[in-house]
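With numbering that gives the first Met the number 0 applied, the sequence shown covers 0 to 213. From the three backbone atoms N, C-alpha and C, an ideal C-beta is built for every residue, glycine too. Since we're looking at a predicted model, the values are computed, not measured.
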Amino acid sequence: MITIALSKGRIFEETLPLLAAAGIKPLENPETSRKLVIGTNRHDVRLVIVRASDTPTYVQYGAAELGIAGKDVLLEHGGLGLYQPLDLNIAVCRMMVAVRQGFDYARAVQQGARLRVATKYILTARDHFAAKGVHVDLIKLYGSMELAPLLGLADAIVDLVSTGGTLRANNLQAVEHILPVSARLIVNQAALKLKRSAVQPIIEAFQKAVVERA
Ligand code: ADP
Ligand code: MG
């Protein structure tokens, strides 16, 4: 049995065409089903629906042979025990620093101010500000980062941005691009060796589908 871990929402939706290209069709829609283990048309392949930030953990420990996870999540996880053979070019967005409209971020940085930064991405944020020589106090949040500057919890946030619509709707503006983010195929390192005959064709089918779509 090959188990593929992925999260609901955009990752699942954007993965469906790649699965189809690999001849894998889920038997149920996780958005409407309460099932967390979803069978497919292939008796030897199943999907498991996990929290986005948990995907690398399932694959690292071999509970799932394969998974699909955002670069954002992989950077925080660290990637131990994982191969990342393929950028799927889905769930594309950017990791950005954003502040309240009117907050002079460049000036605060130039003056060497100590900034309070709220984020779900503590490691990525720490690396980014350390590389720039900006002193920060990081505040860990698990969601709705946009609220933090509005309530005075933080001067800035580090978050994912695609259209910028959420930032605008909350009177925030992006001031710094940290890195481009997209979802990656991840593979348990041991499974790639021990279950190669089942795993490798799935990787190759994904690769072909990604290349053909580009
Ligand atoms: P969660 O709320 O559990 O973090 P999301 O569906 O918001 O789940 O995010 C899952 C993954 O989708 C993220 O890890 C990231 O890689 C990607 N993602 C998040 N926000 C965006 C976005 N605005 N545009 C494109 N991809 C995104
Ligand atoms: Mg989200």
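| Query | Result |
| --- | --- |
| Shorter than 7 Å, the distance from the beta carbon of Arg167 to the closest heavy atom of ligand 1, or not? | no |
| What is the rounded straight-line gap between the Cα of Asp126 and the Cα of Leu137? | 11 Å |
| Using the DSSP secondary-structure output, state which residues sit across from Tyr82 in a beta bridge. | Val186 |
| Quickly, what does DSSP pair His42 with across the bridge? List them, please. | None; His42 has no bridge partner. |
| Contact check, Ala97 vs Val49 under 8 Å by CB: the rounded distance? | The Cβ separation is near 28 Å, so there is no contact. |
| Need the endpoints of the alpha helix (DSSP H) that Ile202 sits in, please. | 195–212 |
| To the nearest whole angstrom, what separates the beta carbons of Val116 and Val157, a pair I think is in contact under 8 Å? | 6 Å |
| Is any non-hydrogen atom of ligand 1 found closer than 7 Å to the C-beta of Leu159, if you look at the structure I gave you? | yes |
| Does Pro179 come out as helix, strand or coil in the three-state DSSP assignment? | strand |
| Verify whether the separation of the beta carbon atoms of Tyr120 and Ala155 is less than 8 Å. | no |
| Quick one: residues in its chain with C-beta nearer than 7 Å to the C-beta of Leu191, no 5 flanking neighbours on either side, listed in chain order? | Tyr82, Val198 |
| Indicate, with yes or no, if ligand 1 has a heavy atom lying under 7 Å from the CB of Arg9. | yes |
| Enumerate, from N- to C-terminal direction, the unbroken alpha helix (DSSP H) stretches of 4 or more residues contained entirely within the stretch 55–131. | 70–76, 104–109, 121–131 |
| Just to confirm, are Glu30 and Lys7 a CB contact at a threshold of 8 Å? | yes |
| Does the beta-carbon of Gly77, which I'm using as the reference point, lie nearer than 7 Å to any heavy atom of ligand 1? | no |
| Considering only residues of the same chain and omitting the five flanking positions on each side of Ser161, which have a CB-CB separation below 6 Å? | Cys92 |
| Check whether the Cβ of Gly22 lies closer than 7 Å to any heavy atom of ligand 1, and answer yes or no. | no |
| Sort His76, Gly78, Leu46, Gly69 by Cα distance to Leu159 and report the nearest one. | Gly69 |
| Give me, in chain order, the residues of the same chain whose beta-carbon lies closer than 7 Å to that of Leu140; leave out the 5 immediate sequence neighbours on both sides. | Ala117, Thr118, Lys119, Ala147 |
| Under 7 Å: does the beta carbon of Val180 sit that close to some heavy atom of ligand 1? | yes |
| Any idea what DSSP makes of Pro148, helix, strand or coil? | helix |
| DSSP three-state call for Leu26: helix, strand or coil? | coil |
| Between Glu211, Glu175, Phe102, Ala124, which has its C-alpha nearest Gly224's C-alpha? | Here the chain comprises residues numbered 0 to 213, so residue 224 is not present and cannot be evaluated. |
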